[in-house]
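*Asks:* 2 is the number of the first residue of the sequence shown in my numbering; add one for each residue after it.
Note that the Cβ used here is the ideal one computed from N, Cα and C, for glycine as well.
Quick caveat, the model's predicted, so the values are computed rather than measured.
Handing you a structure now.
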Amino acid sequence: MVQGQAQDPRRRTCRSVGGAAGGRRAAEATRAGAAGQGLGLRDQPRAAAAPRALGAETGNVAWKAPVSVPGLEVEIETLLQQRTGRQCLFTPSGRVALYLAFKTYVRPGGSLLMSPITCDVVLFTVLAAGLRPLIGPVSNESGNLCAEAISAELWGRADAVLTTNLYGQPDQVRELAERCRELDIPLIEDAAQALESEVSAVPVGSFGTAAAFSFSKHVGAPAGGALAFSDGSRRSELVSLLKQVTIARSSARVIKDFVRPAVEAGIRDLGVVRPARATAQAMGWLRRADRAPLDEARLGDALARHGGLAALDRWARWDLPGYRMAVPRLFLAGIAKRLSRLEADRGRRQAGIRVLLELPGVAPGARAAACCGLLAVPFLIEERDRARAELARRAVRTEYVFDPPLDDYASPLLLEPSTDRGPARWWAQHALPVNPLHAEAARVVLSGWRPASPQSAA
Numbered sequence: 002m003v004q005g006q007a008q009d010p011r012r013r014t015c016r017s018v019g020g021a022a023g024g025r026r027a028a029e030a031t032r033a034g035a036a037g038q039g040l041g042l043r044d045q046p047r048a049a050a051a052p053r054a055l056g057a058e059t060g061n062v063a064w065k066a067p068v069s070v071p072g073l074e075v076e077i078e079t080l081l082q083q084r085t086g087r088q089c090l091f092t093p094s095g096r097v098a099l100y101l102a103f104k105t106y107v108r109p110g111g112s113l114l115m116s117p118i119t120c121d122v123v124l125f126t127v128l129a130a131g132l133r134p135l136i137g138p139v140s141n142e143s144g145n146l147c148a149e150a151i152s153a154e155l156w157g158r159a160d161a162v163l164t165t166n167l168y169g170q171p172d173q174v175r176e177l178a179e180r181c182r183e184l185d186i187p188l189i190e191d192a193a194q195a196l197e198s199e200v201s202a203v204p205v206g207s208f209g210t211a212a213a214f215s216f217s218k219h220v221g222a223p224a225g226g227a228l229a230f231s232d233g234s235r236r237s238e239l240v241s242l243l244k245q246v247t248i249a250r251s252s253a254r255v256i257k258d259f260v261r262p263a264v265e266a267g268i269r270d271l272g273v274v275r276p277a278r279a280t281a282q283a284m285g286w287l288r289r290a291d292r293a294p295l296d297e298a299r300l301g302d303a304l305a306r307h308g309g310l311a312a313l314d315r316w317a318r319w320d321l322p323g324y325r326m327a328v329p330r331l332f333l334a335g336i337a338k339r340l341s342r343l344e345a346d347r348g349r350r351q352a353g354i355r356v357l358l359e360l361p362g363v364a365p366g367a368r369a370a371a372c373c374g375l376l377a378v379p380f381l382i383e384e385r386d387r388a389r390a391e392l393a394r395r396a397v398r399t400e401y402v403f404d405p406p407l408d409d410y411a412s413p414l415l416l417e418p419s420t421d422r423g424p425a426r427w428w429a430q431h432a433l434p435v436n437p438l439h440a441e442a443a444r445v446v447l448s449g450w451r452p453a454s455p456q457s458a459a
């Protein structure tokens, strides 16, 4: 497709990134690529911030343990470096890793080309970093940026590009990286949903200037993330910025983060879904909507007065209150253990993916990425919300529904909307992400649902 050429928004398709290989082969390839690079041990431990800093929980006693556990953090960084072949820095969350990348690699006030089909906290993190979101066109095969549909005019306005790797489906990262090199602008990979994804045997997170990972998804940890970066000379700068945004974790927050996963696992094992769901709702453990309450006037005022993560803490912490709180040893040990067992998790996910691929309505991008350990398999179906409700009734959670697209969610006061919103709206209205670890339960519901047609786009 010629750049800037108009097309029917209901029928946009892009070339899928294929050639994904198994994790073992990918690991071997990246280890070879990482030869000669040092392990990059941490410059120094992070100092504890004031317990009542903005974002700390009022009335809680601050967690008194050291806010940095260098040995375990280095172990986690090393495990991720073995996968990506790049220097890695442990962070309290994936969104903090994104913030570090934006502040370090993108010029202040720059425009960031990104997909509207992503989490709203990514939008808040972009804004906190002082950047202007520039919404690009998406593929109705994967929901990621459609590289062929990005016009020359849009490329000319971009100061950096952010990938999404939606549900683990890789972006067209080779094409995007090549164009970024031509324009001498950074490519930032949001790899939060793609810890077990590759492109032609090369792991996602190995292509751009930097990549942000989250350990709350594939790893299932209550906290933790990491930034992988290509230029090791920027490490001390990144560590310094990380110290500025990290605050102490309260003892109450530690207890909540530790207890919640155990309770959720027990609920699933015992099958006491309905009473437990009511209790969780009363305790505020359940997300009440797919998008956070926005309050644009208040957000705009916070940006005008201060900016930075602290100023936007109310928004950035919506679904993860401890997102910039230091991670205690209790959690670090579990993250390291689970990271070392990614291959086993990948095997379970791929077994579930094979089950789900037998059903109608699987997004073409997910079929093309079936060799990856997808976080979720997106279905594109009619009456998505009814199907989702039926899955919930059977205790199958469908998280990460990004509806509406960001440029319908937020006004031009906060971002530059896409000139062609049809494909993103169609995807957002029909996408139903299903965790492959729950494939058998989901199959009972989804086997009879009608796939969505591009002709049904609004």
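1. Would a C-beta distance cut-off of 9 Å place Phe-230 and Cys-89 closer than the cut-off?
2. Drop a sphere of 10 angstroms on the beta-carbon of Asp-185, count the other beta-carbons inside from all chains shown, and report buried for 16 or more, exposed for fewer.
3. Comparing C-alpha positions only, which one of Ile-136, Pro-223, Leu-188 and Leu-304 sits nearest to Ala-213?
4. What do you reckon, are the CB atoms on Ser-140 and Ala-150 nearer than 9 Å?
5. Per DSSP, what kind of secondary structure is Ala-212 in: helix, strand or coil?
6. Could you compute how far the alpha carbon of Thr-126 sits from the alpha carbon of Pro-452?
7. Taking DSSP as the reference, what is the three-state secondary structure of Arg-306?
8. Given 8 Å as the limit, is there contact between the segment 190-204 and the segment 390-397, that is, 3 or more CB pairs closer than that?
9. What residues match up with Thr-92 in a beta bridge as DSSP calls it?
10. Using a Cβ distance threshold of 8 Å, determine whether the segment 79-89 contacts the segment 219-236, with at least three qualifying pairs required.
11. Can you list, in chain order, the residues of its chain with a C-beta nearer than 6 Å to that of Gly-144? Leave out the 5 residues immediately preceding and following it.
12. Would you kindly report the start and end of the unbroken alpha helix (DSSP H) that includes Ile-77?
13. Tell me, which residues are paired with Ala-161 by DSSP?
14. According to DSSP, simplified to helix, strand and coil, what is Leu-331?
15. Along the chain, which unbroken stretches of the alpha helix (DSSP H) at least 4 residues long are found entirely within the segment 374-402?
16. For the segment 403-422 against the segment 326-341, are there 3 or more C-beta pairs whose distance is under 8 Å?
17. Following the continuous beta strand (DSSP E) through Glu-190, name the residue where it begins and the one where it ends.
18. Is it the case that the Cβ atoms of Val-356 and Ala-305 are separated by a distance below 9 Å?
19. Taking the alpha carbon of Gly-301 as the point to measure from, which residue in Pro-322, Ala-432 and Leu-414 has its own alpha carbon closest?
20. In whole angstroms, what is the alpha-carbon distance linking Arg-175 and Asp-191?
21. Please name the residue in Met-115, Ala-442, Val-203 and Gly-169 whose C-alpha comes closest to that of Leu-146.
*Replies:* Result, derived from the coordinates:
1. As a working note, residue 230 is residue 229 in the sequence shown. As a working note, residue 89 is residue 88 in the sequence shown. Taking 9 Å as the Cβ cut-off, Phe-230 and Cys-89 qualify as a contacting pair.
2. As a position in the sequence shown, residue 185 is number 184, starting the count at 1. Asp-185 should be labelled exposed.
3. As a first step, residue 213 is located in the sequence shown; it is residue number 212 there, counting from the start. Of the candidates Ile-136, Pro-223, Leu-188 and Leu-304, the one whose C-alpha sits nearest the C-alpha of Ala-213 is Leu-188.
4. Here the question's residue 140 lines up with position 139 in the sequence shown. Here the question's residue 150 lines up with position 149 in the sequence shown. Closer than 9 Å, so yes.
5. Residue 212 sits at position 211 when you count from the first residue of the sequence shown. Three-state result, Ala-212: strand.
6. By one-based count along the sequence shown, residue 126 stands at place 125. By one-based count along the sequence shown, residue 452 stands at place 451. Spanning the two alpha carbons is a distance of roughly 34 Å.
7. Here residue 306 corresponds to residue number 305 of the sequence shown, with the count starting at 1. When DSSP states are grouped into helix, strand and coil, Arg-306 belongs to the helix group.
8. no
9. If you number the sequence shown from 1, residue 92 lands on position 91. For Thr-92, which the question treats as bridged, DSSP gives the partners Gly-226.
10. The segment 79-89 and the segment 219-236 touch, with no fewer than 3 CB-CB distances between them shorter than 8 Å.
11. The residue labelled residue 144 in the question sits at position 143 within the sequence shown. Answer for Gly-144: Ile-118, Leu-167 and Trp-428, listed in chain order.
12. By 1-based counting over the sequence shown, the position of residue 77 is 76. Here the alpha helix (DSSP H) through Ile-77 covers 71-85.
13. Walking along the sequence shown from the start, residue 161 turns up at place 160. Leu-113.
14. What you label residue 331 is simply residue 330 of the sequence shown in a count that begins at 1. DSSP places Leu-331 in helix when its eight states are reduced to three.
15. If we require 4 residues or more, the alpha helix (DSSP H) runs fully inside the segment 374-402 come out as 385-394.
16. no
17. Indexing the sequence shown from 1 puts residue 190 at position 189. Per DSSP, Glu-190 belongs to the beta strand (DSSP E) from 188-191.
18. Numbered from 1 along the sequence shown, position 355 holds the residue referred to as residue 356. Numbered from 1 along the sequence shown, position 304 holds the residue referred to as residue 305. Contact flag unset, no.
19. Residue numbering aside, residue 301 sits at position 300 when the sequence shown is read from its first letter. Taking Gly-301 as reference, the option from Pro-322, Ala-432 and Leu-414 with the minimal CA-CA separation is Leu-414.
20. The residue labelled residue 175 in the question sits at position 174 within the sequence shown. The residue labelled residue 191 in the question sits at position 190 within the sequence shown. Roughly 15 Å between the two C-alpha positions.
21. By one-based count along the sequence shown, residue 146 stands at place 145. Considering only alpha carbons, the answer is Met-115.
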